[in-house]
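Counting in full-length UniProt numbering, the sequence shown runs from 1 upward without gaps. Let me begin by presenting the structure, written as structure tokens, before commenting on it.
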Amino acid sequence: MWTRRLRSRARLLSVFLPVTLGLSLVVALGLVGVGRTAPASQDRPDRPASREYVDIASVAPAPTPQAGPGASTGSYAEDCGRNTEGHRNADNVVFSPGVPGGAHHTHDYIGNRSTNAHSTNASLASAATTCEDGDHSAYYWPVVRRLDRAGADADAVGGGRDGNTGAIVTAASVRVEFRGNPAGPVVAMPRFLRLVTGDPVAHLNSLPQVHAQWGCSGHPERFTTRYTRCPAGSGVTRTFDFPSCWDGLNIDSADHRGHVVFPAAGGICPQNTFPVPQLRVTVGYDLPPGTPYAVDSFPEQVRDPKTDHALFVNVMTERQMAQVVGCLNEGRNCRGDR
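This is the structure we're talking about:
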């Protein structure tokens with residue numbers, strides 16, 4: 001009996017042992033392959049894949065619209081600082097009013113010193129500002145982080161809890177500029193107008209509204225939707241161009257976009273919309289060449305560079321906005337001061 005059992009076990013081993021070893025070998029080779037070829041975003045969901053970075057030398061300059069005979073060719077620049085005060089939170093008063101942490105990523109703020117989830121038009125109007133010309137408007141965008149350093153908010157909402165790891169980088173420069181329209185004069189923005197540029201859910205959005213513009217200082221008008229690698233002596237930049245064709249009625253809309261849209265080529269605004277001063281904010285960072293970095297995003301957006309975005313709430317007084325409009329329509333280059 002025992003002899004028959006041993007022979008039976010021997011036959012089973014002769015059949016299954018080679019199969020088991022073969023499967024083990026396949027699995028082992030597969031794991032080795034995954035370790036070699038998987039993109040960084042799969043190995044580390046908090047880090048973008050290497051394909052999301054591009055050398056600025058390979059980025060072609062963007063075309064510059066030619067101004068027509070009735071263009072508003074002036075500009076108005078103001079100094080609102082670069083958030084050395086550390087005004088940051090994971091709120092979004094435009095998209096998630098009244099919801100602390102509703103952004104699930106951390107925002108940098110300049111201008112209005114009080115902006116948070118609970119801000120109202122009245123509270124914004126009465127708060128202090130970092131802008132030298134007394135502009136109380138709120139300007140904000142997601143922070144950029146160095147991935148080679150640990151962040152102080154690893155256990156906080158908007159930081160590590162939402163997949164946004166790394167040390168927040170304070171901007172080396174921030175330029176706020178209002179520009180005219182290449183097709184004609186502009187009209188004043190209404191007070192408390194909300195503007196949004198970019199799409200924070202572009203990674204998964206089937207119809208993304210991408211307006212991310214990554215670049216490098218010293219390489220004007222070279223923009224890409226991927227993170228840029230900059231040469232020595234040049235820093236990473238983000239350029240936020242906001243929509244500038246207003247419906248003439250509303251300061252906000254259900255999707256926070258429909259009341260102000262982007263012009264067509266040449267600056268032409270769609271029918272029944274009116275050109276307002278076009279806001280451009282350029283943020284620069286001093287990052288040594290080769291430094292790994294990424295923007296904050298919603299967890300499921302895996303820090304995709306295409307998700308870069310910015311928001312603006314206009315809290316200028318009528319007098320301040322009239323000054324901006326006058327500079328643009330008269331072709332003057334102005335700088336705001338108190």
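Backbone N, C-alpha and C define an ideal beta-carbon position, used for all residues, glycine too. Small disclaimer: the values here were computed from a predicted structure and weren't measured.
- By DSSP's assignment, Pro-61 forms a beta bridge with Arg-222.
- Contact between the segment 230-238 and the segment 247-266 is absent: fewer than 3 CB-CB pairs across the two stretches fall below 8 Å.
- In the DSSP assignment, Glu-177 is bridged to Ala-77 and Arg-280.
- Nearest C-alpha to Val-174 among Thr-282, Asp-337, Pro-45 and Pro-292: Thr-282.
- Straight-line measurement puts the Cα of Ile-251 at about 4 Å from the Cα of Leu-193.
- Less than 9 Å separates the beta-carbon of Thr-224 from that of Ile-56.
- For Gly-134, no beta strand (DSSP E) segment is defined, and its DSSP state is neither H nor E.
- Runs of the alpha helix (DSSP H) lying entirely within the segment 195-264, each at least 4 residues long, are absent.
- A buried status is given to Ala-294, since no fewer than 16 other beta-carbon atoms sit within 10 Å of its beta-carbon.
- Of all alpha-carbon atoms in His-136, Glu-330, Cys-131 and Gly-266, the one lying nearest the alpha-carbon of Ser-119 is that of His-136.
- Judged by DSSP secondary structure, Gly-326 falls within the alpha helix (DSSP H) whose first and last residues are 318-329.
- DSSP places Asn-121 inside the alpha helix (DSSP H), whose first and last residues are 121-126.
- The alpha-carbon separation between Gln-278 and Asp-241 amounts to approximately 7 Å.
- Collapsing the DSSP output to three states places Arg-51 in a helix.
- With the rule of 3 Cβ pairs closer than 8 Å, the segment 156-171 counts as touching the segment 285-305.
- In this structure Gly-68 does not touch Ala-167 by the C-beta definition: roughly 46 Å separates them, more than the 8 Å allowed.
- With fewer than 16 other CB atoms across the displayed protein chains lying within 10 angstroms of its CB, Pro-289 is exposed.
- Minimum Cα-Cα distance from Cys-80 among the listed residues Leu-328, Gly-111 and Ser-58 corresponds to Gly-111.
- Straight through space, the alpha carbons of Glu-177 and Arg-44 are spaced by roughly 37 Å.
- Residue pairing by DSSP puts Asp-108 in a beta bridge opposite Arg-88 and Trp-141.
- Using a Cβ-Cβ distance cut-off of 8 Å, the segment 82-102 and the segment 302-309 are not in contact, since fewer than three pairs of beta carbons, one from each stretch, lie closer than that value.
- For Cys-269, no beta strand (DSSP E) encloses it, and the DSSP letter there is neither H nor E.
- For Ala-310, the enclosing beta strand (DSSP E) covers residues 309-313.
- Around the CB of Asn-272, fewer than 16 other CB atoms lie within 10 Å, so the residue is classed as exposed.
- With respect to the 9 Å criterion, Asn-314 and Ser-75 are not classified as neighbours on the basis of their beta carbons.
- Here Arg-161 carries a helix assignment [DSSP, helix/strand/coil].
- Straight through space, the alpha carbons of Leu-311 and Val-94 are spaced by roughly 8 Å.
- Beta-bridge partners assigned by DSSP to Val-187: none are found.
- Contact between Arg-88 and Tyr-109 holds: their C-beta atoms lie close to 7 Å from each other, under 8 Å.
- With a cutoff of 9 Å on beta-carbon distance, Pro-275 and Val-210 are scored as not near each other.
- Residue environment: Ala-90 is assigned as buried (16 or more neighbouring CB atoms within 10 Å of its CB, all protein chains considered).
- By the neighbour-count criterion, in which a residue is buried when 16 or more other Cβ atoms sit within 10 angstroms of its Cβ, Asn-329 is buried.
- The C-beta of Ala-322 has fewer than 16 other C-beta atoms within 10 Å across all chains shown, which makes the residue exposed.
- If you look at Asn-333, you'll find it in the beta strand (DSSP E) that goes 333-335.
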